[in-house]
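K.L.:
Structure provided below as structure tokens; questions to follow.
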Amino acid sequence: MVQQGAFPFASYPIVLGHEVAGVVEETGKGVDKLKPGDRVGLSALFSTCGSCRQCIAGDENLCQQWCWTGVMKDGGYQEFMLARAAYLAPLPESLDFVEAAPVMCAGMTVFSGLRHAGFQTGHKVAVIGLGGLGHFGALYAKAMGGRVAVISTSAEKKAEAQELGAERFIHAQKESVADALRSWEGGADIILATPTSLEPITAAFSGLAPDGTMVVVG
Ligand SMILES: [Zn+2]
Ligand SMILES: [Zn+2]
Numbered sequence: 004m005v006q007q008g009a010f011p012f013a014s015y016p017i018v019l020g021h022e023v024a025g026v027v028e029e030t031g032k033g034v035d036k037l038k039p040g041d042r043v044g045l046s047a048l049f050s051t052c053g054s055c056r057q058c059i060a061g062d063e064n065l066c067q068q069w070c071w072t073g074v075m076k077d078g079g080y081q082e083f084m085l086a087r088a089a090y091l092a093p094l095p096e097s098l099d100f101v102e103a104a105p106v107m108c109a110g111m112t113v114f115s116g117l118r119h120a121g122f123q124t125g126h127k128v129a130v131i132g133l134g135g136l137g138h139f140g141a142l143y144a145k146a147m148g149g150r151v152a153v154i155s156t157s158a159e160k161k162a163e164a165q166e167l168g169a170e171r172f173i174h175a176q177k178e179s180v181a182d183a184l185r186s187w188e189g190g191a192d193i194i195l196a197t198p199t200s201l202e203p204i205t206a207a208f209s210g211l212a213p214d215g216t217m218v219v220v221g
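Note that this note's numbering has the sequence shown beginning at 4, numbered continuously upward.
Listed below in structure tokens is the structure:
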């Protein structure tokens, strides 16, 4: 999207890469929580102002002064990069960098969506679309004790959905998504919509259980 000029706020030239994992090489003055050798991940959010109402409320992604990694500041497709200590997260030894990197954007996006939707153990989560975000949605919901259905327009995704632990696979072009969801013990507690187009969202909407929540991420 940066290459295609889809972000009017991008700075060019720019080093891409907004899902970053690596090792701290050196720290600047005043950094006391990190030291060289620490394994860290950098979020897609490179920095924010830290003092506006949104930042203080924890909605930093709505800060008027946000700055995105690999879009406005050079990103991770390089051997060394600069990052602000406050935006780095420590990574456990057990998580390798290849697996950790996508957590820093796609993973957080989905986790935050589930959290804001009030996810609880036992919730039925319907995931629309099985791309990068959808994968995380299914994995996280399952790992946190939820039940998962995957909605896709591609029959080939069925095996993948089952591998991720989905108990239902709904083929959006072969059946009514809303009916299929309602027949899932009264509907989905949470629908996690990963495509941002209106059609699949509208088709699934009435498949929500009473007081269910639809989250649109992307
Ligand atoms: Zn701010
Ligand atoms: Zn991303």
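We put the beta carbon where it would ideally sit given N, CA and C, even for glycine.
Model, not experiment: these values are computed from the prediction.
1. Is any heavy atom in ligand 1 found nearer than 7 Å to the beta carbon of Q68?
2. For a test of the three-state rule: what should DSSP assign to P95, helix, strand or coil?
3. Just verifying my parser: in three-state terms, what is the DSSP assignment at T216?
4. Going by DSSP, what residue range makes up the alpha helix (DSSP H) through K160?
5. Can you tell me the Cβ-Cβ gap for D77 and V18, rounded? I've got them flagged as a contact below 8 Å.
6. From this set, M75, R87 and E188, which residue's C-alpha is nearest P11's C-alpha?
7. Among all the DSSP beta bridges, which residues are the ones paired with C52?
8. Spatial neighbours of D192 within its chain, please: CB distance less than 6 Å, with the 5 preceding and 5 following residues excluded, ordered by chain position.
9. Can you list, in chain order, the residues of its chain with a C-beta nearer than 8 Å to that of A88? Leave out the 5 residues immediately preceding and following it.
10. Drop a sphere of 10 angstroms on the beta-carbon of G149, count the other beta-carbons inside from all chains shown, and report buried for 16 or more, exposed for fewer.
11. How should F83 be labelled, buried or exposed, when 16 other C-beta atoms within 10 angstroms of its C-beta is the threshold for buried?
12. Got a sec, what are the start and stop residues for the beta strand (DSSP E) S155 sits in?
13. Quick one: is F100 buried, meaning 16 or more other Cβ sit within 10 Å of its Cβ, or exposed?
14. Let me check you understand the geometry: is the CB of A47 closer than 7 Å to at least one non-hydrogen atom of ligand 2?
15. So what does DSSP say about A89, is it helix, strand or coil?
16. Is T199 helix, strand or coil when you go by DSSP?
17. Using a threshold of 7 Å, is the CB atom of S54 nearer than that to any non-hydrogen atom of ligand 1?
18. Please classify Y80 as buried or exposed, where buried requires at least 16 other C-beta atoms within 10 Å of its C-beta.
19. Go through its chain and collect everything with a Cβ distance to G44's Cβ below 6 Å, but skip five positions before and after it.
20. State the CB to CB distance for the pair L195 and L117, rounded to an integer number of angstroms; the pair is presumed to be in contact (CB under 8 Å).
21. Counting Cβ pairs closer than 8 Å, one from the stretch 135 to 155 and one from the stretch 174 to 194, do we hit at least three?
22. When you compare the CB positions of A141 and A169, do they come within less than 8 Å of one another, or not?
P.N.:
With the given structure in hand:
1. For this step, residue 68 is matched to residue 65 along the sequence shown. Because some heavy atom of ligand 1 lies under 7 Å away, the Cβ of Q68 counts as near it: yes.
2. Along the sequence shown, read from residue 1 onward, the residue named residue 95 stands at position 92. Residue state, collapsed to three classes: coil.
3. Within the sequence shown, the letter at position 213 stands for residue 216. Strand, per DSSP.
4. In the sequence shown, the residue the question calls residue 160 occupies position 157. That run of the alpha helix (DSSP H) goes K160 to E166.
5. Here residue 77 refers to the residue found at position 74 of the sequence shown. Here residue 18 refers to the residue found at position 15 of the sequence shown. Their Cβ separation, rounded to whole angstroms, is 4 Å, which keeps D77 and V18 in contact under 8 Å.
6. Counted from its first residue, the sequence shown places residue 11 at position 8. The option with the nearest alpha carbon to P11 is M75.
7. Numbered from 1 along the sequence shown, position 49 holds the residue referred to as residue 52. Answer is none; C52 lacks a bridge partner.
8. Locating residue 192 in the sequence shown gives position 189, counting from the first residue. Excluding residues within five positions, the ones whose Cβ falls inside 6 Å are H126, K127, A212 and G215.
9. Mapped onto the sequence shown, residue 88 falls at position 85. Excluding sequence neighbours, A88 sits near T30, G31, V34, K36 and L37.
10. Residue mapping note: residue 149 aligns to position 146 of the sequence shown, counting from 1. With 16 or more other Cβ atoms within 10 Å, it is buried.
11. Position 80 of the sequence shown, counted from the start, is the residue given in the question as residue 83. By the neighbour-count rule (16 or more Cβ atoms within 10 Å), F83 is not buried but exposed.
12. Mapped onto the sequence shown, residue 155 falls at position 152. R150 to S155 is the extent of the beta strand (DSSP E) around S155.
13. What you label residue 100 is simply residue 97 of the sequence shown in a count that begins at 1. F100 comes out exposed.
14. Here residue 47 refers to the residue found at position 44 of the sequence shown. Answer for A47: yes, Cβ within range of ligand 2.
15. Start at 1 with the first residue of the sequence shown, and residue 89 comes out as number 86. Three-state DSSP puts A89 in a helix.
16. For the purposes of this step, residue 199 is taken as residue 196 along the sequence shown, with counting starting at 1. In the structure shown, T199 sits in coil (DSSP, three-state: anything other than H, G, I, E or B).
17. As a first step, residue 54 must be located in the sequence shown, where it is residue number 51. Because some heavy atom of ligand 1 lies under 7 Å away, the Cβ of S54 counts as near it: yes.
18. Counting from 1 along the sequence shown, the entry for residue 80 is found at position 77. Its Cβ having fewer than 16 others within 10 Å, Y80 is exposed.
19. The residue labelled residue 44 in the question sits at position 41 within the sequence shown. The residues are A24, A92, L94, A103 and M107.
20. Start at 1 with the first residue of the sequence shown, and residue 195 comes out as number 192. Start at 1 with the first residue of the sequence shown, and residue 117 comes out as number 114. Right, the Cβ-Cβ distance comes to about 7 Å (below 8 Å), so this counts as a contact.
21. yes
22. On the sequence shown, residue 141 is found 138 positions in, with the first residue counted as 1. On the sequence shown, residue 169 is found 166 positions in, with the first residue counted as 1. Yes. Within cutoff.
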